[in-house]
Structures are given as C-alpha cells and as structure tokens.
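Read through the structure below, which is laid out as structure tokens, and then see the notes.
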Amino acid sequence: MVLLSLFIVLVIGIAIAKERILNFSTFMLASILYAICYGIVPLVIYTVDIPDSYDGPLGNLVYDLEASKHLYYYASVLAFLSYLVFWTTYRVASFKPKVLFGSYLSTRKGSNKLYKISKWFFIIGVVFLVLYIAIYGSITNMLLGNTRMAYGGEAEVQVESPYLFLINLAKIVIFSTYMFWGIKKTVNTKARVYLYFALLVSLFLLFRFSGRMILMTFISTFALSSFILKQQLPKLKVVLLAALAGFIILFGRAIFSSVLYEDAFSRRQERYTGGWITPILDIVGGFSFPFRNIVHTLDLDFINYQYLVDMIQAPLYLLPRRIIPIKPAATTIEINTMNILGVEGEIMPPDIVTYGYLNLGLVGIVVTALLFGLLCKYIDSYQRRGVPAISTIVIVALIFIVGFRVMYFNPKQLVVGSFYFFVGLSILSMLKPRGKYSLFNHNS
C-alpha cells in the first residue's frame, strides 16, 4: 500500500517536473491535487499512527486498514488510472494559442470599454447584494442566516423568500475585482479606486459564503498573477502565501463561525495545544475526502448509475426553484452525500474519480478523466505570459475554478458556485469589439 502511494506521487511528480510555477496551468494544479488527494493522503493513512483522541477529517475513515486493505488498494488503482487517462489526453490534445480579451486589447477604445463594463458589473453586483441584505433586514441577520457558520448546521436566522438567489448574482462583483486589477495601470485612475471598493465587497461576499477554499484561491489569484506578470517569484512572498493558506485551512471556519459564537476561535486554538501532529493531520485531512469517497463507494453493495444526468441538466440548477418549480433529478453530490453520511442537508462533494464511478462505473472514470484532460488543455491554450494583466488574472482565476474539479467534480457546484464568472465571460464575449490582437507583437 505504501509503495503504491509512493509510486503515484512519484509518477505525478515526474509528469510535472518540467512545469514552472510562473507557467501556472490547469494541468499543474490538477496534477498537484491528484498527488495530494490520492497519493499523500493515503500515504499518511498507511504510515501515521493517528491518535484515538483525534476527531478531525482523517479520523473519519471507518474502515480498518488490515481488514479492508483491498478497498484502499482498489481506490488507489482507480485514482492512478484516472490520472493516466487525464495525463495522456492532455499531452495528446492540441489547441491553437489564444489571448483572452484580444479584441478589446487591440485598441485604446477597447480598453476603455473594458473599464465601463467592469464598472457596471460592480454596480449591478452591489445592487443585488443590497437587495439580498434587505430580504434579511440587516447585515447581521444576513450573516447569521449562513448555516455553514453555525455549529451543528443550524442557522440562527431563517428567511423564506423566492429571491434568495440574488446572492449568487451579487458575486459578479468578484469578477469585476479581477477586471479592475487587470486594467488599473492602463485605464484612468478611477479604475484603481473602484478596485479597492470591489475588493472590500468581494471579501465581504466570500465571508458570507464562509468557504475556506474560495477565500484562499481568491487571494492566491492576485498573488500568482502578479508573479506571472513580473516573471519573478519572491521567496518571502511565497512563504507568506503558503503560511496564509495553512492558516485559512486550520482556522478559516473558526473565523467564519466567530460571527455566531464568540469562543469559536479560542476553541480552535485549544485544539492545537496538544502537540504538532493535530494541525498536520488537519491540513492533510482537508484533502482527504476524495480518497474517502472512493473507499466508501467501492464498499457499496449496489450502485444506481447516474449516467452523467447532472451534466445534461446543469442549466436547470440556475433556475430559482421558489419561482420556477422545476425539480432536477438527484445530482451526484446528493447521491454521494447519502452514500457516505446517510443524511440529507449535509454536503459531501464527489471527487473526479468518485463522480465517474457513480455515473458509469469504470467506464465513467475513463470518460470523466478524458473530458477533464481536454478541458484543461483548452484552458491552458490561453496565454498567461507576455499578455496584459487583465488576460493573465482572469485566466489564473479560471485555472483555479477548473483545476479544483479534481476535488469538487460536480456540475451543480460548478454551475451555481461559478455562475458569476461564466456570466461575466459570456457578456464580455457578446460585447467584444471588432479587432485583431497580435500575441507576438504586443508589449505588455
């Protein structure tokens, strides 16, 4: 078991050995997540003597390592198969190099148009946010209505309204933040002012959603984009960014929960007073659910395949159910949650391997990895180096959205959670001016 996990990490390490962080790509991010989730996590499970008192994510594996050795073995084999298909597809596929927003960037007028669109994205997003807050009556009540902040999953404030979907529309502010950052040096000084306001509103929205991963990727998007543009990776900034990422993983939820519970942060601090092993296990444990998904799924007596139905019905997830009472078929995330937790209302997202297996068995794993490889190759065909800042930061943000599908491979989460991003890209595509952009003659 240990050798198999080491082999998986080694193979993936060789596959990305020539990749450079300053050439940040979907392939690189996805490969790293494959290595962590399906190599390092099981390696820790096999080799670390987890204390009986530990109650974190790694302590939730209910299968005895010796008695259920075959489950862990098959889980690792399926994960390795998935990566091989993903890697092969990515290397074989080919797309013409492209520049995002090329027609906008071909003229000064086009750049000014980007600024105006960014401004309207910000204003419209703020309006939606204000309307959403009005539904709850106050900012405090709005924050208290987030079940993810509460212990036991119980919300302090509940509101019945058909317009709660407005919060997802308000997230267009996040997209405008990327745009303002990208044009702040090429347009007028007002873009920089809008950037600061958009950044504050975006952080507030991310706090409302209390997602540690989206907060971490949001911050990392700006840092990596800056590194790529300068083609320099300051060591101190990288260390600080890594430390911040670790802090968010360990204390992120406690910070969010402190809105409801004054002692939330101190409770979390007490958790790490017993020794160094607990925070290490918690960090690794944050990436453990994909492997746990596979192990649990392989132990099921019967699987009612979903046949990728949630991909087909993905647009239906955007419809406000309280206004348009169309109920889509059960999604893979709902099936996976019931399989593992046995309760409704909780969320256990399927990873890329589990998603494929629950939809089409072994064939599903191959098909899912193949499609994912094609998607990553297409996104990586958009240039990140040698292009203007706005092209770089939006592509880096997209890389994070797509790359993390290794852990969160579920169409509903992608469509609903990143709706604002794809709406922003679609509007920009529809409004783009005529013009040609030369990738090789442009001086960024």
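Numbered per this note's numbering, the sequence shown spans residues 422 to 865.
All C-beta atoms in this analysis are idealised placements derived from N, C-alpha and C, irrespective of residue type, glycine included.
Every value quoted in this text rests on a predicted model; they were computed, and no experiment measured them.
Would you mind stating whether A496 and P472 have Cβ atoms separated by less than 9 Å? Your numbering for residue 496 matches position 75 in the sequence shown. Your numbering for residue 472 matches position 51 in the sequence shown. Against a cut-off of 9 Å, the Cβ pair of P472 and A496 comes out as no contact.
Which first and last residues belong to the alpha helix (DSSP H) in which D731 is found? The residue you call residue 731 lines up with position 310 of the sequence shown. Run containing D731: 730–733, per the alpha helix (DSSP H) assignment.
Compute the distance between the beta-carbons of S493 and V774, then report whether it is under 9 Å. Counted from its first residue, the sequence shown places residue 493 at position 72. Counted from its first residue, the sequence shown places residue 774 at position 353. The residue you asked about is not Ser; residue 493 is Tyr in the sequence shown. No, they are not a contact pair.
Same chain, Cβ closer than 6 Å to G794, five either side skipped, listed in chain order: Residue 794 sits at position 373 when you count from the first residue of the sequence shown. Within the same chain, G794 has close Cβ partners F507, T510, Y511.
Taking buried to mean at least 16 other C-beta atoms within 10 Å of its own C-beta, is Q652 buried or exposed? Taking the sequence shown and counting its residues from 1, the one referred to as residue 652 is at position 231. Burial call: exposed.
R826, buried or exposed, once every other Cβ within 10 Å from all chains shown has been counted against 16: Here residue 826 is taken as the residue at index 405 of the sequence shown, counted from 1. Looking at its Cβ environment, which holds 16 or more other Cβ atoms inside 10 Å, R826 is buried.
Return yes when the Cβ of L702 is within less than 9 Å of the Cβ of Y467, no when it is not. For this step, residue 467 is matched to residue 46 along the sequence shown. For this step, residue 702 is matched to residue 281 along the sequence shown. Against a cut-off of 9 Å, the Cβ pair of L702 and Y467 comes out as no contact.
When you compare only the Cα positions, how much space is there between P741 and I733? For the purposes of this step, residue 741 is identified with residue 320 of the sequence shown, where counting begins at 1. For the purposes of this step, residue 733 is identified with residue 312 of the sequence shown, where counting begins at 1. So the two alpha carbons sit approximately 18 Å from each other.
When the Cα of N757 is compared with those of L783, I786, Q727, which residue comes out closest? Taking the sequence shown and counting its residues from 1, one reaches residue 757 at position 336. The shortest Cα separation from N757 among L783, I786, Q727 belongs to Q727.
Closer than 7 Å by C-beta to Y776: which residues in its own chain qualify, once you throw out the five before and the five after it? Chain order, please. The residue given as residue 776 occupies position 355 in the sequence shown. Only T753, T789, F830, N831 meet the Cβ criterion.
Check the DSSP bridge columns for K517 and list the partner residues they point to. Working through the sequence shown from its first residue, we reach residue 517 at position 96. BP columns for K517 are empty, so no partner.
State the beta-bridge partners of Y803 as determined by DSSP. Position 382 of the sequence shown holds residue 803. K519.
Can you list, in chain order, the stretches of the alpha helix (DSSP H) that have 4 or more residues and sit fully within the stretch 467–493? none
Does DSSP put F586 in a helix, in a strand, or in coil? Looking up residue 586 in the sequence shown gives position 165. Coil at F586, not helix or strand.
Span of the alpha helix (DSSP H) holding E755? Locating residue 755 in the sequence shown gives position 334, counting from the first residue. First-last of the alpha helix (DSSP H) with E755: 753–761.
For N533, which residues in the same chain have their Cβ closer than 7 Å to its Cβ, ignoring the five residues on either side in sequence? Numbered from 1 along the sequence shown, position 112 holds the residue referred to as residue 533. Within the same chain, N533 has close Cβ partners V608.
If the criterion is Cβ atoms closer than 9 Å, does the pair L450 and I820 meet it? Counted from its first residue, the sequence shown places residue 450 at position 29. Counted from its first residue, the sequence shown places residue 820 at position 399. Against a cut-off of 9 Å, the Cβ pair of I820 and L450 comes out as a contact.
Would you kindly work out how many angstroms separate the C-alpha atoms of L835 and Y693, rounded to a whole number? In the sequence shown, counting from the first residue as 1, residue 835 sits at position 414. In the sequence shown, counting from the first residue as 1, residue 693 sits at position 272. Cα to Cα, the separation comes out at about 33 Å.
Could you tell me the alpha carbon to alpha carbon distance between T809 and Y525, rounded to whole angstroms? Translated into positions along the sequence shown, residue 809 becomes position 388. Translated into positions along the sequence shown, residue 525 becomes position 104. Per the sequence shown, residue 809 should be read as Pro rather than Thr. If I take the Cα positions, the gap works out to 11 Å.
Can you tell me the Cβ-Cβ gap for S646 and V817, rounded? I've got them flagged as a contact below 8 Å. Walking along the sequence shown from the start, residue 646 turns up at place 225. Walking along the sequence shown from the start, residue 817 turns up at place 396. With 8 Å as the limit, S646 and V817 qualify as a contact, their Cβ atoms being about 5 Å apart.
Contact the stretch 633–643 vs the stretch 795–807: 3+ CB pairs below 8 Å: no
Could you name the residues of the same chain whose beta carbon sits closer than 7 Å to that of I560, not counting the 5 residues immediately before and after it, in chain order? Taking the first residue of the sequence shown as 1, we reach residue 560 at position 139. Excluding residues within five positions, the ones whose Cβ falls inside 7 Å are I554.
N714: which of K439, G434, L499 sits nearest, CA to CA? In the sequence shown, counting from the first residue as 1, residue 714 sits at position 293. Checking every option, the nearest Cα to that of N714 belongs to L499.
Beta-carbon spacing of K611, Y738 below 9 Å: In the sequence shown, residue 611 corresponds to position 190, counting from 1. In the sequence shown, residue 738 corresponds to position 317, counting from 1. No, the pair does not count as a contact, with Cβ atoms beyond the cut-off.
What did DSSP end up calling M828 once you bin it into helix, strand or coil? Against the sequence shown, residue 828 aligns to sequence position 407. Coil, per DSSP.
Proximity of V815 and Y599 at Cβ, strictly below 9 Å: Taking the first residue of the sequence shown as 1, we reach residue 815 at position 394. Taking the first residue of the sequence shown as 1, we reach residue 599 at position 178. Going by C-beta atoms, V815 is nearer than 9 Å to Y599.
How would you write the range of the alpha helix (DSSP H) that S446 sits in, first residue to last? Translated into positions along the sequence shown, residue 446 becomes position 25. Looking at the DSSP string, S446 is not in any alpha helix (DSSP H), and its letter there is neither H nor E.
In whole angstroms, what is the alpha-carbon distance linking F522 and I604? To locate residue 522, count along the sequence shown from 1; it is residue 101. To locate residue 604, count along the sequence shown from 1; it is residue 183. Their Cα atoms are separated by approximately 12 Å.
Contact set for K730: own chain, Cβ-Cβ below 7 Å, skip 5 residues either direction: Here residue 730 corresponds to residue number 309 of the sequence shown, with the count starting at 1. Here the sequence assigns Val to residue 730, which means Lys is not the residue at that position. Answer for V730: A750, listed in chain order.
If L654 and S641 are in contact, beta carbons under 8 Å, what's the gap, nearest whole angstrom? Numbered from its first residue, the sequence shown carries residue 654 at position 233. Numbered from its first residue, the sequence shown carries residue 641 at position 220. Rounded, the Cβ-Cβ distance is 13 Å, inconsistent with contact.
Nearest-angstrom Cβ-Cβ length linking P478 and G706, presumed shorter than 8 Å: Numbered from 1 along the sequence shown, position 57 holds the residue referred to as residue 478. Numbered from 1 along the sequence shown, position 285 holds the residue referred to as residue 706. Confirmed, about 3 Å.
Going by beta-carbon coordinates alone, are Y803 and N589 separated by less than 9 Å? As a working mapping, residue 803 is identified with position 382 in the sequence shown. As a working mapping, residue 589 is identified with position 168 in the sequence shown. Going by C-beta atoms, Y803 is not nearer than 9 Å to N589.
Taking 6 Å as the limit between beta carbons, can you name the residues of its chain near P711, skipping five residues before and five after? Counting from one through the sequence shown, the residue named residue 711 turns up at place 290. Only C458, D772, M828 meet the Cβ criterion.
Give me the Cα-Cα distance between L585 and L550, rounded to the nearest whole angstrom. Within the sequence shown, the letter at position 164 stands for residue 585. Within the sequence shown, the letter at position 129 stands for residue 550. Whole-angstrom Cα-Cα distance: 10 Å.
In the DSSP assignment, find the unbroken alpha helix (DSSP H) run with N714 in it and report its ends. Locating residue 714 in the sequence shown gives position 293, counting from the first residue. That run of the alpha helix (DSSP H) goes 710–719.
Decide if N725 is buried, meaning its Cβ has at least 16 other Cβ atoms within 10 Å, or exposed. Looking up residue 725 in the sequence shown gives position 304. Exposed, because fewer than 16 other Cβ atoms sit within 10 Å of the Cβ of N725.
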